[in-house]
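S.K.: The structure is given below, and queries will be raised subsequently.
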Amino acid sequence: MNAEQKLGFLINNRNLDTDLKRIAEKVRESERITFDEGVLLYEKGDLNYLGVLANYIREKRHGDKTYFNRNFHIEPTNVCVYDCKFCSYSRMIKQREEGWEMDVEGMMDIVRRYDDEPVTEVHITGGVVPKQNLEFYAEFFKKCKAHRPELHIKGLTPVEYYYIFKKAKLSHYEGLRYLQACGLDSMPGGGAEIFHSDVREKIAHDKCTAEQWLDIHEQAHKLGMHTNATMLYGHIEEFWHRIDHMDRLRQLQDRTGGFQTFIPLKFRNKDNQMSDVPEVSVVEDLRNYAVARIYLDNFDHVKAYWAMISRDTAQLSLAYGVDDIDGTLDDTTKIYSMAGAEEQNPAMSTKELVELIRNVGRHPIERDTLYNVVTDYKDVVFEEDKPAKYYALPVVN
Ligand code: V47
Ligand code: SF4
Numbered sequence: 065m066n067a068e069q070k071l072g073f074l075i076n077n078r079n080l081d082t083d084l085k086r087i088a089e090k091v092r093e094s095e096r097i098t099f100d101e102g103v104l105l106y107e108k109g110d111l112n113y114l115g116v117l118a119n120y121i122r123e124k125r126h127g128d129k130t131y132f133n134r135n136f137h138i139e140p141t142n143v144c145v146y147d148c149k150f151c152s153y154s155r156m157i158k159q160r161e162e163g164w165e166m167d168v169e170g171m172m173d174i175v176r177r178y179d180d181e182p183v184t185e186v187h188i189t190g191g192v193v194p195k196q197n198l199e200f201y202a203e204f205f206k207k208c209k210a211h212r213p214e215l216h217i218k219g220l221t222p223v224e225y226y227y228i229f230k231k232a233k234l235s236h237y238e239g240l241r242y243l244q245a246c247g248l249d250s251m252p253g254g255g256a257e258i259f260h261s262d263v264r265e266k267i268a269h270d271k272c273t274a275e276q277w278l279d280i281h282e283q284a285h286k287l288g289m290h291t292n293a294t295m296l297y298g299h300i301e302e303f304w305h306r307i308d309h310m311d312r313l314r315q316l317q318d319r320t321g322g323f324q325t326f327i328p329l330k331f332r333n334k335d336n337q338m339s340d341v342p343e344v345s346v347v348e349d350l351r352n353y354a355v356a357r358i359y360l361d362n363f364d365h366v367k368a369y370w371a372m373i374s375r376d377t378a379q380l381s382l383a384y385g386v387d388d389i390d391g392t393l394d395d396t397t398k399i400y401s402m403a404g405a406e407e408q409n410p411a412m413s414t415k416e417l418v419e420l421i422r423n424v425g426r427h428p429i430e431r432d433t434l435y436n437v438v439t440d441y442k443d444v445v446f447e448e449d450k451p452a453k454y455y456a457l458p459v460v461n
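What follows is the structure, encoded as structure tokens:
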């Protein structure tokens, strides 16, 4: 049975709850579901039901195509002026001895390590410190572009921008316009956490508010930049907080169309101030991907970040609405390993990523940050005698 037949079969099941049947019919007719219906999906939808709906939408949009990219991260600092309770990564100013703070040359050294490698994106994210201010990032973006113009800079989040623009006395629009002129191409989805103040005040009380986060993305969209959005789920929030979060994103997307990808991020509980909060199950992860795919009808892509949820769950997620699994990473990010993710040194070669996708019957496509196709791997056979670097990124010591 294909995805459409499965949906038809489910709708014709006489035992299906009437509310769930109505939602399934809406999905078949490509009608938007309401806030209350979103909450109901979480409350009543079992894994099979949600998977059928989400996969129907996923295959209608993308067929079997599954995207990844070749990227690396730079984490300019793990010191942070903020105090997010879920963060295992940041070292407060007073714990500086355990922290690092790079200068522009240190960041350029990382960029230069990839000079002969076919990476298309550098993803920059980390803590917030006074020294890494507007001019710091302006200088880095300019140097990076001068060195390698085609490398896409996906940099920082509203958490950093709110802090540095305020210090520089610039509006969100002015600050972003300036950094865009220096070389910034797009913005990753971090810092969103859970928007609703009931939860945000408990887990991320001192960084940018939901309104500030959304406004910075809106200004970026006005400048023609594409951005992503995340949601940190599976801790103290309730289902309706997740729908509230996605609803605010859906509304902004209706206005601007600037979001590309939604990335649910599973809360990991190692070594942070919320270690007493248990992590949710893999079933809940999959249900959550599926609800996101159903609710966010105006987002093109839903991404499972394999470094955070493990390779196995990333593979499973491809049947629950996910069409993107991020990139090679090359062991350049520590955010998740420090929070207890299975991947302690996250790096995958292109060949491994392609095989991971193929092994669950999907069609691997290497994309650039803006989803232009770089290589379609449908019929590519990996040859033993091709130099490893053709497929794989080197391990950096
Ligand atoms: O904003 C921090 C999250 C985010 C924990 O846009 C945690 O392509 C779980 O946003 N458990 C940063 N999550 C990472 C991020 C991201 C990752 C991959 C791709 C993209 C993209 C964006 O990491 C933070 C925060 O929400 N985070 N600590 C934790 N203990
Ligand atoms: Fe700082 Fe980000 Fe950690 Fe919050 S999540 S403490 S803003 S590094």
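Heads up: the sequence shown is residues 65 to 461, going by the working numbering.
Ideal Cβ positions, reconstructed from N, Cα and C, are used throughout, including at glycine.
In chain order, which continuous runs of the alpha helix (DSSP H) of length 4 or greater are located wholly inside the stretch 224 to 311?
M.R.: Complete alpha helix (DSSP H) runs here, min 4: 236 to 246, 261 to 267 and 274 to 286.
S.K.: Rounded to a whole number of angstroms, what is the C-alpha to C-alpha distance between Asp443 and Ile429?
M.R.: Those two C-alpha atoms are separated by around 11 angstroms.
S.K.: Count the C-beta pairs between the stretch 186 to 200 and the stretch 138 to 156 that are closer than 8 angstroms, then say yes if the count reaches three, no if not.
M.R.: Because the criterion of three Cβ pairs below 8 angstroms is met, the stretch 186 to 200 and the stretch 138 to 156 touch.
S.K.: Tell me, which residues are paired with Val366 by DSSP?
M.R.: Paired residue(s): Phe326.
S.K.: What three-state label does DSSP hand Tyr455 in the structure shown?
M.R.: Any answer about Tyr455 is weak, because its pLDDT of 49 lies below 50 and its placement is not dependable; what the coordinates show is given next. Helix, per DSSP.
S.K.: Within the continuous beta strand (DSSP E) that includes Glu185, where are the two ends?
M.R.: Where Glu185 is concerned, the enclosing beta strand (DSSP E) stretches over Glu185 to Ile188.
S.K.: Quick test of your reading: His281 and Leu316, contact by CB under 8 angstroms. State the CB separation rounded to the nearest angstrom.
M.R.: The pair is a contact, with the Cβ atoms about 7 angstroms apart (cut-off 8 angstroms).
S.K.: Please give the ranges of any alpha helix (DSSP H) in the stretch 101 to 128, keeping only runs that are unbroken, at least 4 residues long and fully inside the region.
M.R.: With a minimum length of 4 residues, the continuous alpha helix (DSSP H) runs that stay inside the stretch 101 to 128 are 111 to 126.
S.K.: Three-state secondary structure (DSSP) at Phe136?
M.R.: In the structure shown, Phe136 sits in a strand (DSSP, three-state: E or B).
S.K.: In this structure, does DSSP put Val438 in helix, strand or coil?
M.R.: Three-state result, Val438: strand.
S.K.: Please determine if the stretch 176 to 189 and the stretch 131 to 138 are in contact, where contact requires at least 3 C-beta pairs separated by less than 8 angstroms.
M.R.: Yes, the stretch 176 to 189 touches the stretch 131 to 138.
S.K.: Should the stretch 235 to 250 be regarded as contacting the stretch 170 to 178, the criterion being three or more beta carbon pairs within less than 8 angstroms?
M.R.: Counting Cβ pairs under 8 angstroms, fewer than three are found: no touch.
S.K.: Between the beta-carbon of Phe326 and the beta-carbon of Ala293, is there less than 7 angstroms?
M.R.: Yes, they are a contact pair.
S.K.: Taking 6 angstroms as the cut-off, does the CB of Phe331 come closer than this to any heavy atom belonging to the ligand V47?
M.R.: Yes, since a heavy atom of the ligand V47 falls inside the 6 angstroms radius drawn around the Cβ of Phe331.
S.K.: Is Pro140 near the ligand V47, going by C-beta to nearest heavy atom under 6 angstroms?
M.R.: Outside the cutoff, so no.
S.K.: Going by the CB atoms, is the gap between Arg375 and Ile121 shorter than 7 angstroms?
M.R.: Taking 7 angstroms as the Cβ cut-off, Ile121 and Arg375 do not qualify as a contacting pair.
S.K.: Have a look at Ala67, Ile307 and Met251 and flag the residue whose alpha-carbon is nearest the alpha-carbon of Lys286.
M.R.: If we check each option's Cα against that of Lys286, Met251 comes out closest.
S.K.: Can you look up Asp390 in the DSSP assignment and give me helix, strand or coil?
M.R.: Residue state, collapsed to three classes: strand.
S.K.: With distance defined between alpha-carbon atoms, name the residue in Val103, Asp340, Gln283 and Leu215 nearest to Phe150.
M.R.: The option with the nearest alpha carbon to Phe150 is Asp340.
S.K.: Within the continuous beta strand (DSSP E) that includes Gly219, where are the two ends?
M.R.: Residues His216 to Gly219.
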